[in-house]
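J.: Here it is: the structure, laid out below.
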Amino acid sequence: MNGKPATITAAILAATLCAAAPVGAATIDVLGWTSNPAGFSPCLSGCSIGVPFSGNSDLTAATPAGYQGVGFRPGMIFNDATGNPAGAVAASANGLPAHTSLNISFLLAVIDSWDGDTSRGGSNPPDIFNITVDGVSVFARTFDNFDLNDQSASTANLLSFGSNLGFSSWNDSAYDFTGSNALLNIPHTAASVDIRFFASGAGWQGGADESFGLDRLLISVNTSDVPEPGSLALLGFGLAGLALRRRLPG
1474 MNGKPATITA AILAATLCAA APVGAATIDV LGWTSNPAGF SPCLSGCSIG
1524 VPFSGNSDLT AATPAGYQGV GFRPGMIFND ATGNPAGAVA ASANGLPAHT
1574 SLNISFLLAV IDSWDGDTSR GGSNPPDIFN ITVDGVSVFA RTFDNFDLND
1624 QSASTANLLS FGSNLGFSSW NDSAYDFTGS NALLNIPHTA ASVDIRFFAS
1674 GAGWQGGADE SFGLDRLLIS VNTSDVPEPG SLALLGFGLA GLALRRRLPG
C-alpha cells in the first residue's frame, strides 16, 4: 500500500506543475481609428486623436480613388503641416492594462513630392516620416516618390509607387504597416500612451507640395505571461493530495 499513494501524489503534483505553466502573452487592442464611419474602434479608455491646426490637415479627409484601390478607406487621417518638425498627428489612450510592450499598425500614404535623402531624389531633401512614443523616437525614415534608392525606409511593405494616386499632379506611394509589417514589441509599461506621427527635415515643405495620410490605425499592448485560469485551483488540489499522502499510514 505504501507505493500506490506515492504514485498518485506524484501524478497530481506533475499535472499541477504542468497546468501552472504560463501561457503566451496576450495582445490587447487599446485604440483603433476608422474613418468610415468616423470613430474609435476599439477604444479601451480615454482615446484621443488630433491633427495640427495648420494647413488643411483633416481627421477624415476624403481619400482619392487611387488610394482606395490599394486598401485605404474613403476617409483618411491627413496631415500637410509645415515646419521642421511639422505639426503631428497625436494619438493617445489611458487606462492601459499591465503590459511590457506595444504595437503600432497602420497604412501610410506618402503624398506628392517627397524627396528622400539627397537631391538625386528631388530638389529639397531630406523628407523624414517620424513616429514617437511618449516623446521617444521609434521610427524615423526618409521616403522618396522619385527614386526608391534614395530613401532609408524599407520597400518590403510597399503597396504602390510611381503613379498618381489622386491628390495632385505628383506621383504618390503607399506602404502597409499592418500585420507582420507593423511596428512590433516597442518597449512600454506606462498606463497611458501618447503617439505622434509627423514629418521633418530641412527639405520638408508640407502644404500642397508634400503631405501624408494614415488609415487603419491600431495600437495594441502585449501583456506579461499569466497562468492558465484554472492553475490556482489545480495547485490547491495538488497540495491537498500531498497532505492526504502524509496522513496515510506508513
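Position one of the sequence shown corresponds to residue 1474 (our numbering), numbered consecutively onward.
We put the beta carbon where it would ideally sit given N, CA and C, even for glycine.
In three-state DSSP terms, what is arginine 1593?
T.: Looking up residue 1593 in the sequence shown gives position 120. It is helical.
J.: Quick check: the stretch 1630-1648 against the stretch 1532-1547, are at least 3 beta-carbon pairs closer than 8 Å?
T.: The stretch 1532-1547, when compared against the stretch 1630-1648, does touch it at the 8 Å Cβ threshold.
J.: What does DSSP give as the partner residue(s) for leucine 1575 in the beta ladder?
T.: The sequence position of residue 1575 within the sequence shown is 102, counting from 1. DSSP output for leucine 1575 lists Ile1659 and Val1694 as bridge partner(s).
J.: Return no unless some Cβ of chain D is closer than 8 Å to the Cβ of alanine 1571.
T.: Judged by its chain identifiers, the structure shown contains no chain D, having just a single protein chain.
J.: Using the rule of at least 16 other Cβ atoms within 10 Å of the residue's Cβ for burial, across every protein chain shown, is proline 1660 buried or exposed?
T.: The residue labelled residue 1660 in the question sits at position 187 within the sequence shown. Exposed, because fewer than 16 other Cβ atoms sit within 10 Å of the Cβ of proline 1660.
J.: Under DSSP, the beta strand (DSSP E) around glycine 1523 begins and ends at which residues?
T.: Translated into the one-based positions of the sequence shown, residue 1523 becomes position 50. Element bounds for glycine 1523: 1521-1523.
J.: For isoleucine 1522 and serine 1693, I'd like the C-alpha separation in whole angstroms.
T.: Looking up residue 1522 in the sequence shown gives position 49. Looking up residue 1693 in the sequence shown gives position 220. Each residue's alpha carbon lies about 15 Å from the other.
J.: On the DSSP letters alone, give me the boundaries of the beta strand (DSSP E) that glycine 1635 sits inside.
T.: Residue 1635 sits at position 162 when you count from the first residue of the sequence shown. Note, glycine 1635: beta strand (DSSP E), 1631-1636.
J.: Do you know how far the Cα of leucine 1580 is from the Cα of proline 1495?
T.: Reading the sequence shown from its first residue, position 22 is the one you call residue 1495. Reading the sequence shown from its first residue, position 107 is the one you call residue 1580. Because proline 1495 carries a pLDDT of 47, less than 50, the predicted location of this residue cannot be relied on, and the following value inherits that uncertainty. Using only the alpha carbons, I get a separation of about 34 Å.
J.: Just the Cα atoms here: how many angstroms apart are phenylalanine 1526 and glycine 1560?
T.: Residue numbering aside, residue 1526 sits at position 53 when the sequence shown is read from its first letter. Residue numbering aside, residue 1560 sits at position 87 when the sequence shown is read from its first letter. In a straight line, the C-alpha of phenylalanine 1526 is about 8 Å away from that of glycine 1560.
J.: Buried or exposed for alanine 1535, please, with buried defined as at least 16 other CB atoms from any protein chain shown within 10 angstroms of its CB.
T.: Here residue 1535 corresponds to residue number 62 of the sequence shown, with the count starting at 1. So alanine 1535 counts as exposed.
J.: Restricting to Cα atoms, I'd like to know which of Asp1617, Leu1657 and Gln1678 is closest to asparagine 1644.
T.: The sequence position of residue 1644 within the sequence shown is 171, counting from 1. Nearest C-alpha to asparagine 1644: Asp1617.
J.: By the three-class DSSP mapping on this structure, what secondary structure does aspartate 1623 have?
T.: What you label residue 1623 is simply residue 150 of the sequence shown in a count that begins at 1. Helix.
J.: Return helix, strand or coil for glycine 1560, following the three-state DSSP convention.
T.: If you number the sequence shown from 1, residue 1560 lands on position 87. DSSP places glycine 1560 in coil when its eight states are reduced to three.
J.: So, for aspartate 1688: in the same chain, excluding its five sequence neighbours on each side, which residues have a beta-carbon less than 6 Å away from its beta-carbon?
T.: Position 215 of the sequence shown, counted from the first residue, corresponds to residue 1688. Here the set comprises Phe1545, Arg1546, Met1549 and Leu1580.
J.: Among Asp1553, Arg1593 and Asn1557, which residue has its Cα nearest to the Cα of alanine 1582?
T.: The residue labelled residue 1582 in the question sits at position 109 within the sequence shown. Looking at the Cα atoms, Asp1553 is the closest of the given residues.
J.: Could you have a look at glycine 1652 and say whether DSSP puts it in helix, strand or coil?
T.: Counted from its first residue, the sequence shown places residue 1652 at position 179. In the structure shown, glycine 1652 sits in a helix (DSSP, three-state: H, G or I).
J.: Using 8 Å for Cβ pairs, my map puts asparagine 1564 next to valine 1503. What's the rounded Cβ distance?
T.: Mapped onto the sequence shown, residue 1564 falls at position 91. Mapped onto the sequence shown, residue 1503 falls at position 30. Residue identity check: residue 1564 is alanine in the sequence provided, not asparagine. Not a contact, Cβ separation roughly 10 Å.
J.: With a threshold of 8 Å on Cβ separation, who are the neighbours of serine 1578 within its own chain once the five nearest residues in sequence on each side are excluded?
T.: Counted from its first residue, the sequence shown places residue 1578 at position 105. The residues are Phe1650, Thr1651, Gly1652, Ala1655, Leu1656, Arg1689, Leu1690, Leu1691, Ile1692 and Ser1693.
J.: Looking only at its chain, what residues have a beta carbon closer than 6 Å to the beta carbon of threonine 1500, apart from the 5 residues adjacent to it on each side?
T.: Here residue 1500 corresponds to residue number 27 of the sequence shown, with the count starting at 1. Excluding sequence neighbours, threonine 1500 sits near Ser1693 and Asn1695.
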